[in-house]
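Protein sequence lines correspond, in order, to chains A and B.
According to numbering that gives the first Met the number 0, the first sequence is numbered sequentially starting from 0.
According to numbering that gives the first Met the number 0, the second sequence is numbered sequentially starting from 0.
Think of the CB as a built atom: it goes at the ideal place given N, C-alpha and C, for glycine as much as any other residue.
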Amino acid sequence: MSFREKSAWISLLSMSVIYGVYFWSVIHSGAPAFGGLLGTVIAVVVVQVALTVGISVWKPKDAKAPRDERDKLIELRSMRVAYAGLATGIALACFFGAFDPPLVFNTNALLFILVTAETMRCGCQIVQYRRGA
Amino acid sequence: MGVIRNEIRRLRFEHGEMTQQELAEKIGVTRQTVNAIEQGKYSPSLEAAFRISAVFGRPLESVFHYSGDE
Numbered sequence: 000m001s002f003r004e005k006s007a008w009i010s011l012l013s014m015s016v017i018y019g020v021y022f023w024s025v026i027h028s029g030a031p032a033f034g035g036l037l038g039t040v041i042a043v044v045v046v047q048v049a050l051t052v053g054i055s056v057w058k059p060k061d062a063k064a065p066r067d068e069r070d071k072l073i074e075l076r077s078m079r080v081a082y083a084g085l086a087t088g089i090a091l092a093c094f095f096g097a098f099d100p101p102l103v104f105n106t107n108a109l110l111f112i113l114v115t116a117e118t119m120r121c122g123c124q125i126v127q128y129r130r131g132a
Numbered sequence: 000m001g002v003i004r005n006e007i008r009r010l011r012f013e014h015g016e017m018t019q020q021e022l023a024e025k026i027g028v029t030r031q032t033v034n035a036i037e038q039g040k041y042s043p044s045l046e047a048a049f050r051i052s053a054v055f056g057r058p059l060e061s062v063f064h065y066s067g068d069e
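Right, dumping it as structure tokens:
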């Protein structure tokens with residue numbers, strides 16, 4: 000497994016677990032605290048940095064290798080998929096925004112759209128790495 | 000849709016059992032990319048194809064074969 004694929008797995012799993020717990024609590028507790036949102040974002044960043052440093056130390060040669068043409072192609076394809084998800088999500092947010100929802104709903108909806116798009120990007124990368132191209 | 004086949008595995012063997020990692024370092028890609036090319040899962044860029052041919056000292060058409068729609 001290449002460094003880029005491991006990195007995609009780290010992003011996918013950390014976001015799925017941490018944001019999953021966050022959105023679960025938001026849905027079940029009603030009004031979320033903004034401290035919770037900030038703490039969640041910090042937790043994701045810390046976990047991703049720690050795990051990425053971990054795999055870099057484990058296999059430094061792989062980590063230092065620049066992205067090759069296949070990595071770039073996979074990244075471009077994944078970004079295209081993620082953009083479609085992001086654009087769809089934003090369009091839906093604009094539609095529901097017309098009904099004047101509370102600020103907390105808007106903030107969490109936008110975060111959910113971003114997380115979903117990023118998850119789609121990582122998932123798409125992993126699928127392509129697993130398939131070979 | 001056509002398929003691009005290649006002789007990389009055989010040529011590596013003929014060149015002192017060159018590893019995928021060694022070939023990857025010579026042409027500036029990752030070992031996983033060489034593996035994907037070798038298995039026909041990824042079609043390399045023209046530049047990478049020329050580099051691979053140069054490593055083995057063979058013309059491009061003797062390393063890569065294109066079979067179009069049949």
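In this structure, does DSSP put residue i in helix, strand or coil?
| i | result |
| --- | --- |
| His27(A) | helix |
| Val2(B) | strand |
| His14(B) | coil |
| Tyr65(B) | strand |
| Ala64(A) | coil |
| Pro59(A) | helix |
| Asp70(A) | helix |
| Thr39(A) | helix |
| Ala32(A) | Note that Ala32(A) has pLDDT 47, beneath the 50 cutoff, so the model's placement of it is unreliable and the number below is only indicative. Ala32(A): coil per DSSP, three-state reduction. |
Excluding five sequence neighbours on each side, which residues of the same chain lie with their C-beta closer than 6 angstroms to the C-beta of residue i?
| i | result |
| --- | --- |
| His64(B) | Arg4 |
| Arg120(A) | Ser77 and Ala81 |
| Ile41(A) | none |
| Ile73(A) | Gln124 and Gln127 |
| Phe33(A) | Confidence at Phe33(A) is low in this model, with a pLDDT of 47, below 50, so the placement of that residue should be treated as unreliable; the coordinate-derived value is given next. There are no such residues. |
| Ile7(B) | Glu37 |
Along chain B, in chain order, which residues have C-beta atoms closer than 8 angstroms to that of residue i?
| i | result |
| --- | --- |
| Ala64(A) | Thr29 |
| Ser77(A) | Per Cβ cutoff of 8 angstroms: no residues; Ser77(A) is ~15 angstroms from chain B at best. |
In chain B, which residues lie with their C-beta within 9 angstroms of the C-beta of residue i?
| i | result |
| --- | --- |
| Ser1(A) | Thr29, Arg30, Gln31 and Thr32 |
| Gly19(A) | The premise fails here: Gly19(A) is roughly 29 angstroms from chain B at the closest Cβ pair, so nothing lies under 9 angstroms. |
Can you name the residues of chain A whose CB is closer than 7 angstroms to the CB of residue i?
| i | result |
| --- | --- |
| Ser52(B) | Within chain A, no residue comes near Ser52(B); the closest Cβ sits about 16 angstroms away, beyond 7 angstroms. |
| Gln19(B) | By Cβ distance, chain A contributes nothing, its closest Cβ being about 12 angstroms from Gln19(B), past 7 angstroms. |
| Ala48(B) | Within 7 angstroms Cβ-Cβ: nothing; Ala48(B) doesn't reach chain A, min ~11 angstroms. |
In its own chain, which residues sit with a C-beta less than 7 angstroms from the C-beta of residue i, not counting the 5 before and 5 after it?
| i | result |
| --- | --- |
| Phe22(A) | Phe111 |
| Gly122(A) | Leu11 |
| His14(B) | Phe55 |
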